[in-house]
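Below: the structure, in structure tokens.
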Amino acid sequence: MTDFLTAQDHLLTEEEGAFVQMLRRLCADKIAPLAAETDETSTFVHRQLGALASFGMLGANLHAPYGPDISAQALLQAVEVVAAACASTASALTAHFLATDSLALGGDAALQARFLPTAAAGTALGAFALTERNAGSDPADMRTRATRVPGGYHLKGAKCFISNGGVADFVVVFAVTDPDKGSRGISAFVVEKGIPGFVAGRAERTMGLKGGHVWELEFDCLIPTQNMLGEEGTGFKTAMKVLDNGRVEVAAMCIGIAQSALDLATAWCKSRIIGGEPLASRQGIRWQLADMAMDLQSARLLAREASRLRQLGQRFSAAAAMAKLAASEMCHRVTDGALQLHGGYGFTRDFPLERLARDCRIMRIYEGSSEVQRSIIAAHLLA
Ligand SMILES: Cc1cc2nc3c(=O)[nH]c(=O)nc-3n(C[C@H](O)[C@H](O)[C@H](O)COP(=O)(O)OP(=O)(O)OC[C@H]3O[C@@H](n4cnc5c(N)ncnc54)[C@H](O)[C@@H]3O)c2cc1C
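Letter by letter, the sequence shown follows residues 704 to 1086 in our numbering.
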């Protein structure tokens, strides 16, 4: 581990530093050893989430009384540590955070008290369902409807690509309650597993993150009024706030994956002997490693800045977009560079590089593609 890149003791309290160190050990013992097998067998990361739950990590994004109240900087590092061990696990974990952040940011005290204790303990897994077949980059164009009926709302429609969707105990679903009001006519609901009319379809077959599955979800069900998150019409605003947090967490995942790739490449270049000399003795190779480290650290600093603003309670949508854009593009370059440095070995399934390269590909697409992040940054610039 390149300590000079990761050291950020000055940003964390002593307890937070100890939390991250213990998490690093847990991930080394219980999460990283399962990563290759999970990818090979496409097994959902139940075991890994169980290990993280026993450590309190499933509530790490939450504040008191439901979570440990760690800072945004500590959360950033914690997600980075999990992703460095297994990107599938980190993706399922942060999808759960999207659901619990929705409750924390948009739900009233009664709804929070019903769902957050078990979600934080990891005995109930959450999912966040915004995307539809014809509404991905522009989610406000969604078609799922929630119509007021006696006792609640009739929810009808379908969502796609929902991480954790088929195994979640509760799903935060966004639906149109007033089609005349555009994004202000969108509301959010907590849909519980097992209610009549809620069906999870097939899990998608994906290129990477093979242990963090995504499902199509269909709804034709009655949702009690008390399961509405906040006021009618506030759902889209909540989703956007949640995605600000989520984008910093995607940046953290990218930083973790890239750190793993850089560590592997550094070790490889020291030990790989070509023409009687270690690969790392070549200036071209040394410069490449230096550029990868600088690229990684630049993204890490943007993510720390977004986390600093988040911690202060200031607006950080543009900072989160920059962190996500920079980190996801960086992760692509660094994992590809690390694979290149491994030569043919990097292309085989005996080494983790090809898995990292596949896992990181989605980071430039989900929670707003790189193009969407550029649009957000430009909108702030031009406002
Ligand atoms: C593994 C995985 C996990 C996911 N998890 C979740 C989840 O848990 N919850 C959830 O709600 N969703 C989830 N998603 C959905 C994800 O957020 C969307 O796939 C993503 O937002 C892109 O939407 P789309 O696929 O419909 O692409 P489209 O919106 O069809 O975009 C296609 C291309 O057009 C580009 N584009 C679109 N609009 C513009 C524009 N205005 N200017 C320039 N370029 C543009 C995009 O950048 C993209 O490259 C997940 C997806 C995957 C694959």
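Cβ coordinates follow ideal geometry from the N, Cα and C atoms, glycine included.
Here the structure is a predicted model, which means the values were calculated and not measured.
Simplified DSSP state of residue i, which is helix, strand or coil
i            : result
residue 1048 : helix
residue 828  : coil
residue 1090 : Because the chain here runs from 704 to 1086, residue 1090 falls outside it and cannot be looked at.
residue 871  : coil
residue 951  : helix
residue 895  : strand
residue 858  : strand
residue 904  : strand
residue 924  : strand
residue 932  : strand
residue 709  : helix
residue 763  : coil
residue 747  : coil
residue 996  : helix
residue 1032 : helix
residue 783  : helix
residue 975  : coil
residue 1055 : coil
residue 758  : coil
residue 1070 : coil
residue 853  : coil
residue 866  : strand
residue 768  : coil
residue 1020 : helix
residue 889  : strand
residue 848  : strand
residue 838  : strand
residue 878  : strand
Within 7 Å, strictly: CB atoms of residue i and residue j
i            : j            : result
residue 955  : residue 1027 : no
residue 810  : residue 925  : no
residue 829  : residue 797  : no
residue 942  : residue 999  : no
residue 761  : residue 825  : yes
residue 958  : residue 783  : yes
residue 1044 : residue 993  : no
residue 873  : residue 893  : yes
residue 780  : residue 723  : yes
residue 815  : residue 806  : yes
residue 787  : residue 963  : yes
residue 794  : residue 912  : yes
residue 875  : residue 831  : yes
residue 886  : residue 843  : yes
residue 1005 : residue 1038 : no
residue 840  : residue 917  : no
residue 715  : residue 777  : yes
Supposed contact pair residue j and residue i - C-beta distance, whole angstroms, cut 8 Å
i           : j            : result
residue 848 : residue 859  : 5 Å
residue 914 : residue 748  : 4 Å
residue 878 : residue 932  : That belief does not hold up - the Cβ atoms of residue 878 and residue 932 are roughly 11 Å apart, past 8 Å.
residue 775 : residue 1010 : 4 Å
residue 767 : residue 729  : Incorrect: roughly 23 Å between the Cβ atoms, too far for contact.
Given 8 Å as the limit, is there contact between the region 1015-1024 and the region 981-996, that is, 3 or more CB pairs closer than that? Result no; under three Cβ-Cβ pairs closer than 8 Å.
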